[in-house]
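Trainee: One structure, as structure tokens, below. Some questions next.
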Amino acid sequence: MTEVAARPAAPLPHGQAPARPLPPATIVPLQGLPIVGAVVVFLVVALAGNWLWALGFSHVVGGALWTGVDLFVGFVVGPIMGRMSIPARAEFSARFMPVMLLLMPTLVTMTLAPGFQLARHLGYLEPGYAHHAWLVASFIVVGVMATIAIGILEPANLAVLFELRKPQPNGELIAKLMRRFIYTAGITGAMQVATLIIMTYIATH
Amino acid sequence: MSGAAHIASTPGTVISKLPPIAETALASMVLVIVGTIYLAATIGRGPSLAIPVGLDVLAALLLVGAAIVTSRIEDFAWRIFFVVARWAFLGYLVIAGMIAFVFVRDSTPSAQLATLTAGLALFVLDVTLILAFSVARYQPADA
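Note that the protein sequences, when read in sequence, are chains F and S. Numbering-wise (our numbering), the first sequence opens with residue 1 and increments by one. Numbering-wise (our numbering), the second sequence opens with residue 206 and increments by one.
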């Protein structure tokens, strides 16, 4: 999916300065859409059939990947990118951001929709459930993460992709937006730790 | 906004001082999220709908206000705005549709279902406006 998002750079003749990073051929990596479509179909079948295993699978796999990606981007990729030159960051972004554009909403949907149905099916939403407060805490954490991700992180992601398509991209703007992306990914990564604590508590009590 | 002051630019990049449209839409989205969390947290005990409905109404007012202010911007990259808006709307409609499907599938009572669906609709429109505006603001205005 990465390769389809960015045009391959042509080899440079000896001694020639590297060209600016090539922009993505399309903002949304179209070849990834069938995978997203398959996930959506799987989810609809699981939800419609109240298929407990599939709901649990989707919730656990989606949640684990969402958490893992957030932590990895926020605490591993972020600091590395922070030390890269602006052209290198831009080139990395041209390949990385389109993937994130498809991956993250898919993982979020995989996690939240079956999660709510599981909670309802297993009686966790009932007021009498002993750890109802923990569940509400998880709603709040997800709400905060959604606000940060949709309000700050994703707009920065998209704006970088559009900037890279210009004949003369503004390196400073890209750096500013990338910093915003990395910081907010770090914050959501840290909040994912709270989700892990809540979910493991609910699962073991 | 007539007279959007250009405070910095490089060739091909426009950074203009524009009204806080994304921030207003984000505030609207936060209100919807708070109302939805309240409703989801109290769903088993026949919650009062006054709080989530009130929050949705406030959110709708903020969204309409942000949309009106956006529509009055003169020098703006409207083509890019609508390209992003179209894709964002489609993508988040699928996500919201999935969540609404869960509510319907779980036989959520009709009044709560209507409130949740209205919240989801506002959420989709908020996200669409936030994404489209956040991208278009850095693009050169349409000729």
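Built from N, CA and C at the ideal position, the CB exists for glycine as well.
#1: According to DSSP, is Lys-222 of chain S helix, strand or coil?
#2: Along chain S, in chain order, which residues have C-beta atoms closer than 7 Å to that of Glu-126 of chain F?
#3: List, in chain order, every chain S residue whose beta-carbon is nearer than 8 Å to that of Val-60 of chain F.
#4: Which residue from S:Gln-317, S:Asp-311, S:Ala-305 puts its Cα closest to that of Gly-49 of chain F?
#5: Using 8 Å as the threshold, is the C-beta distance between Leu-103 of chain F and Val-69 of chain F below it?
#6: Beta-carbon separation of Leu-135 of chain F and Gly-62 of chain F under 8 Å?
#7: If we require 4 or more residues per run, which alpha helix (DSSP H) segments fall completely within the stretch 122-166 of chain F?
#8: Would you report the Cα separation of Ser-214 of chain S and Pro-224 of chain S, rounded to the nearest angstrom?
#9: Counting only beta-carbon atoms, is Phe-287 of chain S nearer than 8 Å to chain F?
#10: Assign Thr-275 of chain S to one of three DSSP states: helix, strand, or coil.
#11: If we ignore side chains and look at the alpha-carbon of each, how far apart do Ala-207 of chain F and Leu-173 of chain F end up?
#12: Rounded to the nearest angstrom, how far is the Cβ of Pro-127 of chain F from that of Gly-249 of chain S, given a contact under 8 Å?
#13: Met-199 of chain F lies in the alpha helix (DSSP H); which residues open and close that run?
#14: For Gly-82 of chain F, go through chain S and note every residue whose CB falls closer than 8 Å to its CB, in chain order.
#15: Between which residues of its own chain and Gly-208 of chain S is the CB-CB distance below 7 Å, once the five residues before and five after are set aside?
#16: Step through the CB atoms of chain S and report whether any lies within less than 8 Å of the CB of Glu-91 of chain F.
#17: Please report whether the beta-carbon of Thr-109 of chain F lies at a distance below 8 Å from any beta-carbon of chain S.
#18: Can you find a CB in chain S that lies within less than 8 Å of the CB of Gly-32 of chain F?
#19: For Phe-181 of chain F, which residues in chain S fall below 8 Å Cβ to Cβ?
#20: Three or more C-beta pairs closer than 8 Å, one from the stretch 297-313 of chain S and one from the stretch 271-285 of chain S: is that the case here?
#21: Would you grab the beta carbon distance between Gly-151 of chain F and Leu-231 of chain S for me? Rounded to a whole angstrom, and I think it's under 8 Å.
#22: Quick check on the DSSP output: the alpha helix (DSSP H) that includes Trp-283 of chain S runs from which residue to which?
#23: Can you pull the chain F neighbours of Phe-281 of chain S, defined as C-beta to C-beta under 8 Å?
#24: Let's test the definition: count the other Cβ atoms within 10 Å of the Cβ of Phe-72 of chain F and tell me whether it reaches 16, buried, or not, exposed.
#25: Could you tell me how far apart the beta carbons of Val-28 of chain F and Pro-98 of chain F are, in whole angstroms, since I believe they sit closer than 8 Å?
#26: Ala-301 of chain S and Val-329 of chain S - do their beta-carbons sit closer together than 8 Å?
#27: Identify each residue in the stretch 169-202 of chain F for which the Cβ-Cβ distance to at least one residue of chain S is less than 9 Å, and report them in chain order.
#28: With H, G and I counted as helix, E and B as strand and the rest as coil, what does DSSP make of Ile-35 of chain F?
#29: Compare the beta carbon distance of Val-235 of chain S and Leu-327 of chain S with 8 Å and say whether it is the shorter of the two.
#30: At which residues does the alpha helix (DSSP H) containing Leu-334 of chain S begin and terminate?
#31: With 8 Å as the threshold, decide whether the Cβ of Trp-105 of chain F is near any Cβ in chain S.
#32: Quick check: what's the CA-CA separation for Ala-271 of chain S versus Ile-278 of chain S?
Mentor: Per the coordinate set shown:
#1: The residue given as residue 222 of chain S occupies position 17 in the second sequence. Here Lys-222 of chain S sits in strand by DSSP.
#2: Taking the first sequence and counting its residues from 1, one reaches residue 126 of chain F at position 126. The answer, in chain order, is Gly-249.
#3: Locating residue 60 of chain F in the first sequence gives position 60, where the first residue counts as 1. Near Val-60 of chain F there are no residues of chain S at all, since even the closest Cβ is about 17 Å away, more than 8 Å.
#4: As a working mapping, residue 49 of chain F is identified with position 49 in the first sequence. Looking from the CA of Gly-49 of chain F, the closest CA among S:Gln-317, S:Asp-311, S:Ala-305 belongs to S:Asp-311.
#5: Counted from its first residue, the first sequence places residue 103 of chain F at position 103. Counted from its first residue, the first sequence places residue 69 of chain F at position 69. Yes, the Cβ-Cβ distance between Leu-103 of chain F and Val-69 of chain F is below 8 Å.
#6: Sequence index remark: in the first sequence, residue 135 of chain F carries index 135 (1-based). Sequence index remark: in the first sequence, residue 62 of chain F carries index 62 (1-based). Annotated as distal: Leu-135 of chain F and Gly-62 of chain F, with beta-carbon spacing of 8 Å or more.
#7: Uninterrupted alpha helix (DSSP H) stretches at least 4 residues long and entirely within the stretch 122-166 of chain F occur at 132-148, 154-164, given in chain order.
#8: By 1-based counting over the second sequence, the position of residue 214 of chain S is 9. By 1-based counting over the second sequence, the position of residue 224 of chain S is 19. With a pLDDT of only 44 at Ser-214 of chain S, under the threshold of 50, the placement of this residue in the model should not be trusted; the figure read from the coordinates follows. Using only the alpha carbons, I get a separation of about 18 Å.
#9: By one-based count along the second sequence, residue 287 of chain S stands at place 82. By this cut-off, Phe-287 of chain S is not an interface position.
#10: Taking the first residue of the second sequence as position 1, residue 275 of chain S is located at position 70. In the structure shown, Thr-275 of chain S sits in a helix (DSSP, three-state: H, G or I).
#11: Chain F is shown from 1 up to 205; residue 207 of chain F falls before or after that span and cannot be answered.
#12: Taking the first residue of the first sequence as 1, we reach residue 127 of chain F at position 127. Taking the first residue of the second sequence as 1, we reach residue 249 of chain S at position 44. So it is a contact: roughly 5 Å between Cβ atoms.
#13: Here residue 199 of chain F refers to the residue found at position 199 of the first sequence. From DSSP, the alpha helix (DSSP H) with Met-199 of chain F extends over 171-204.
#14: What you label residue 82 of chain F is simply residue 82 of the first sequence in a count that begins at 1. At a C-beta separation below 8 Å, Gly-82 of chain F has no neighbours in chain S, since its nearest C-beta there lies roughly 21 Å away.
#15: Start at 1 with the first residue of the second sequence, and residue 208 of chain S comes out as number 3. Note that Gly-208 of chain S scores 38 on pLDDT, short of 50, meaning its location in the model is unreliable and no value can be drawn from it.
#16: Residue numbering aside, residue 91 of chain F sits at position 91 when the first sequence is read from its first letter. Chain S contact via Cβ: absent.
#17: Within the first sequence, the letter at position 109 stands for residue 109 of chain F. Yes, because at least one Cβ of chain S sits closer than 8 Å to the Cβ of Thr-109 of chain F.
#18: As a working mapping, residue 32 of chain F is identified with position 32 in the first sequence. Not one chain S Cβ lies under 8 Å of Gly-32 of chain F.
#19: Stepping through the first sequence from its first residue, residue 181 of chain F is reached at position 181. Within 8 Å Cβ-Cβ: nothing; Phe-181 of chain F doesn't reach chain S, min ~12 Å.
#20: no
#21: By 1-based counting over the first sequence, the position of residue 151 of chain F is 151. By 1-based counting over the second sequence, the position of residue 231 of chain S is 26. The pair is a contact, with the Cβ atoms about 4 Å apart (cut-off 8 Å).
#22: Sequence index remark: in the second sequence, residue 283 of chain S carries index 78 (1-based). Where Trp-283 of chain S is concerned, the enclosing alpha helix (DSSP H) stretches over 283-310.
#23: On the second sequence, position 76 is the one that residue 281 of chain S refers to. The contacting residues do not exist; Phe-281 of chain S stays about 14 Å from chain F at best.
#24: Position 72 of the first sequence, counted from the first residue, corresponds to residue 72 of chain F. Looking at its Cβ environment, which holds fewer than 16 other Cβ atoms inside 10 Å, Phe-72 of chain F is exposed.
#25: As a working mapping, residue 28 of chain F is identified with position 28 in the first sequence. As a working mapping, residue 98 of chain F is identified with position 98 in the first sequence. About 7 Å; that satisfies the 8 Å criterion.
#26: On the second sequence, position 124 is the one that residue 329 of chain S refers to. On the second sequence, position 96 is the one that residue 301 of chain S refers to. Yes; because the gap between Cβ atoms is below 8 Å, this pair is in contact.
#27: The residues in question are Pro-169, Asn-170, Gly-171, Glu-172, Leu-173, Leu-177.
#28: On the first sequence, residue 35 of chain F is found 35 positions in, with the first residue counted as 1. Reduced to three states, the DSSP call for Ile-35 of chain F is helix.
#29: Reading the second sequence from its first residue, position 30 is the one you call residue 235 of chain S. Reading the second sequence from its first residue, position 122 is the one you call residue 327 of chain S. Cβ distance not < 8 Å, so Val-235 of chain S and Leu-327 of chain S don't count as in contact.
#30: As a first step, residue 334 of chain S is located in the second sequence; it is residue number 129 there, counting from the start. It spans 315-341 - the alpha helix (DSSP H) in which Leu-334 of chain S sits, taken as one unbroken run.
#31: Here the question's residue 105 of chain F lines up with position 105 in the first sequence. Per the sequence presented here, residue 105 of chain F reads as Pro, with Trp not at that position. Closer than 8 Å to some Cβ of chain S, the Cβ of Pro-105 of chain F qualifies, so yes.
#32: By one-based count along the second sequence, residue 271 of chain S stands at place 66. By one-based count along the second sequence, residue 278 of chain S stands at place 73. Those two C-alpha atoms are separated by around 11 Å.
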